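Engineer: Protein chains in written order, with the numbering used here: chain A, 65 to 395; chain B, 881 to 1211. Where a beta carbon is used, it is the ideal one built from N, C-alpha and C, also for glycine. Bear in mind that the values here come from a model prediction, so they are computed numbers and not experimental data.
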């Protein structure tokens, strides 16, 4: 098997097959979010959509460092994390449309997709809401002693939530295998995070709590992967929690229908788009000879076709029967 | 069946002990629950028997350790969390209401949250407005949670054992005045008490007194005094609010034609309101007088005893309420 040296690193090698899979997942996230945008625009889904296009490298870089039995908790902007962990876009699209064939039988919606089999303990509509759950999963993992780790994805909006500090204290005290992944897309809803975060930010705060705090370019999938791998392996060895801050950017607004242009300058958006994680990774794959231009075109076509079928199938799928309304309240 | 006298706290402790030895997934978390044995002695001796890995002293960060417990429950453990003073449960509302209560429903049945939260309630100790409140009705308002309000050592043990075998989040309220003061017979043999089954403490034909937790004791005393006046009161302890044994309550009121609801929670929008509404709807044609509601007075709980006791129902107030009903019937 072809082994490629991870760009920018001397010590981590990555199989080309895995790099292709990372690329596929990044592209699947991008195209999925575009499809949800389209589904929303056409009025085929209820509610709102919270899209993560632009942030693909963070989701895929982190989840590529995980095993299937590792767990993640996600955010209201969670589609990318779920796809990166191996989620099925067909069941996701059905959930987005509120269909009974969706991951949560239409009861969760686009903000609450979960796949327990894949270790996705739910996207969460409360900012910071997944952090406590992730700490608990890490607690169980430590008790089980099988080297499993737990990842809490959260955005810059959650940096100031008390649950982070309370669980960070517990996680350091009890050496929990917990990786806090802050996906800093620069904007807490409609306000730049710098106006909301005191001092030197989350890396410094993590270090002050007694755990490693690492910052990476969240648009460089290989850099994210390398940093995540180091922190994940450390946690697997029983050395405790860590915080990884990934600097990235969401292309759209806070939600669909809000273009995100009133509080962000054109220059800022264009600047981030020049650093788009997907073409950047394509360039590496082509330069390293992992994929040819034709391969890339084929992957694009496959994914577009898959998503077109997913959308069409989900549209035809039934809504849950109203008799389901009081099912699943209690186990 | 051989029995012995146990205090309320000893009954709780015994239930925890038996369940900890039955199920290795059970762990106890809370402030000073470990080496110290709990401020109300409900976990005394468990630390020595089960060790620091299962009887876990936490920092004073309720949201953090309850959030962690929710996640641990979602991943295969059965945590028992102690909220030392039920007043502090305000600090964990997101974890209980937005996370624990909804995980199963939002994920279309993928997730179970077998979590038991033990919280105290009740005034009468001059502990002031922040250490005396009874918030059980809040949780009975939340679909997805179960709420238990035991009144005797026998019920406390049997219901707590049931909670520790229930796959749902259970909020278990213990009136702190009862821990040492209330003693009662508890069988040596193992037993459990099902949720949703009220206990008819005393049969009678003239009026139905519905009371829960510590309020059952002044209610029974009042019923004894009424008996001397020739008034035969039936006394019902619902034991659990969710699920609520509506049938037993309605059957009794249909028989007696009058109802007094006694609770240490606030009247407004509380347990007394809910049960009065239940009775007004389900036994309307049988009522001879309006339902009497004896909850805590709708004021913050005062410190000085002369004021504090004015806010809490007692024998005298219960007897007066019964007389109001019987006077109404005579008119």
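Since residue 248/A is in the beta strand (DSSP E), which residue starts that stretch and which ends it?
Structural biologist: 242 to 248
Engineer: Look at the alpha carbon of residue 1085/B and the alpha carbon of residue 1114/B, and state the distance between them as a whole number of angstroms.
Structural biologist: Using only the alpha carbons, I get a separation of about 6 angstroms.
Engineer: Examine chain B for any beta-carbon lying closer than 8 angstroms to the beta-carbon of residue 269/A, and answer yes or no.
Structural biologist: no
Engineer: Among 895/B, 1164/B, 1144/B, whose alpha-carbon lies nearest the alpha-carbon of residue 1135/B?
Structural biologist: 1164/B
Engineer: Do you know offhand how far residue 1196/B's Cα is from residue 1105/B's?
Structural biologist: 10 angstroms
Engineer: Report the residue ranges of all beta strand (DSSP E) runs contained in full by the region 1154 to 1209 of chain B; include only those spanning at least 3 residues, in chain order.
Structural biologist: Taken in chain order, the unbroken stretches of beta strand (DSSP E) that lie wholly in the region 1154 to 1209 of chain B and span 3 residues or more are 1172 to 1176.
Engineer: CA-CA distance, residue 982/B and residue 1125/B?
Structural biologist: Distance between the alpha carbons of residue 982/B and residue 1125/B: 23 angstroms.
Engineer: Apply the 10 Å Cβ neighbour rule to residue 1058/B and answer buried if 16 or more other Cβ atoms are within range, or exposed otherwise.
Structural biologist: buried
Engineer: Let me check understanding here. Comparing Cα to Cα, which of 1191/B, 1180/B, 1168/B lies closest to residue 1203/B?
Structural biologist: 1168/B
Engineer: What first and last residue would you give for the beta strand (DSSP E) that runs through residue 1101/B?
Structural biologist: Looking at the DSSP string, residue 1101/B is not in any beta strand (DSSP E); the run it does join, the alpha helix (DSSP H), is 1096 to 1108.
Engineer: Where does residue 1172/B land, buried or exposed, given buried means 16+ other C-beta within 10 angstroms?
Structural biologist: buried
Engineer: With a cut-off of 8 angstroms, do at least 3 Cβ pairs link the region 1009 to 1018 of chain B to the region 984 to 994 of chain B?
Structural biologist: no
Engineer: Give the C-beta separation of residue 217/A and residue 136/A to the nearest angstrom, bearing in mind that I take them to be a contact with Cβ-Cβ under 8 angstroms.
Structural biologist: 6 angstroms
Engineer: Closer than 6 angstroms by C-beta to residue 1031/B: which residues in its own chain qualify, once you throw out the five before and the five after it? Chain order, please.
Structural biologist: 1093, 1096, 1117
Engineer: Here's the rule I'm using: 16 or more other beta-carbon atoms within 10 Å means buried, otherwise exposed. How should residue 1042/B be labelled?
Structural biologist: buried
Engineer: Does residue 251/A pass the burial test, meaning 16 or more other C-beta atoms within 10 Å, or should it be called exposed?
Structural biologist: When all chains shown are included, residue 251/A counts as buried.
Engineer: If I measure Cβ to Cβ from residue 318/A and keep anything under 8 angstroms in the same chain, skipping five residues before and after, which residues do I get?
Structural biologist: 114, 251, 253, 254, 324
Engineer: Could you check where the beta strand (DSSP E) with residue 1128/B kicks off and where it finishes?
Structural biologist: If you look at residue 1128/B, you'll find it isn't in any beta strand (DSSP E); it sits in the alpha helix (DSSP H) that goes 1126 to 1136.
Engineer: For residue 1184/B, count neighbouring C-beta atoms within 10 Å of its own C-beta (all shown protein chains included) and say buried if the count is 16 or more, exposed if not.
Structural biologist: By the 10 Å Cβ count, residue 1184/B comes out exposed.
Engineer: For the candidate residues 101/A, 150/A, 162/A, whose alpha-carbon lies nearest to that of residue 386/A?
Structural biologist: The shortest C-alpha separation from residue 386/A is found at 162/A.
Engineer: Can you give me the C-alpha to C-alpha distance between residue 224/A and residue 138/A, rounded to a whole angstrom?
Structural biologist: 17 angstroms
Engineer: Consider the Cβ of residue 968/B: report whether some Cβ of chain A lies at a distance smaller than 8 angstroms.
Structural biologist: no
Engineer: Rounded to whole angstroms, what is the Cα-Cα separation between residue 392/A and residue 993/B?
Structural biologist: Taking C-alpha positions only, residue 392/A is separated from residue 993/B by approximately 12 angstroms.
Engineer: Using a C-beta cutoff of 8 angstroms, does residue 317/A count as contacting chain B?
Structural biologist: no
Engineer: Buried or exposed: which applies to residue 988/B, given that a residue is buried once 16 or more other Cβ atoms fall within 10 Å of its Cβ?
Structural biologist: buried
Engineer: Would you give the residue range spanned by the alpha helix (DSSP H) that residue 204/A belongs to?
Structural biologist: 193 to 208
Engineer: Return the residue from the list 1004/B, 1207/B, 894/B that minimises the CA-CA distance to residue 1061/B.
Structural biologist: The option with the nearest alpha carbon to residue 1061/B is 1004/B.
Engineer: Is the Cβ of residue 180/A closer than 8 angstroms to any Cβ of chain B?
Structural biologist: yes
Engineer: Extract the residue ranges of the alpha helix (DSSP H) inside the region 236 to 296 of chain A, only unbroken runs of 4 or more that lie entirely within it.
Structural biologist: Runs of the alpha helix (DSSP H) lying entirely within the region 236 to 296 of chain A, each at least 4 residues long, are 266 to 273 in chain order.
Engineer: Using only CA atoms, which one of 298/A, 274/A, 185/A, 234/A lies nearest to residue 911/B?
Structural biologist: 234/A
Engineer: Closest to residue 1149/B by CA distance: which of 938/B, 978/B, 1018/B is it?
Structural biologist: Nearest C-alpha to residue 1149/B: 1018/B.
Engineer: Who are the Cβ neighbours of residue 236/A in its own chain at under 7 angstroms, not counting the five residues just before and after it?
Structural biologist: 273, 274, 275, 304, 305
Engineer: Across the region 200 to 220 of chain A and the region 167 to 176 of chain A, are there enough close Cβ pairs to call them in contact, namely three or more that are closer than 8 angstroms?
Structural biologist: no
Engineer: Counting C-beta neighbours from all protein chains within 10 Å, is the total for residue 109/A 16 or more, i.e. buried, or is it exposed?
Structural biologist: Residue 109/A counts as buried, since at least 16 other C-beta atoms from the protein chains shown sit within 10 angstroms of its C-beta.
Engineer: Given a limit of 7 angstroms on CB to CB distance, which residues of the region 991 to 1011 of chain B reach chain A?
Structural biologist: 991, 992
Engineer: Shortest alpha-carbon distance to residue 894/B belongs to which of 1177/B, 1144/B, 1068/B, 1073/B?
Structural biologist: 1068/B
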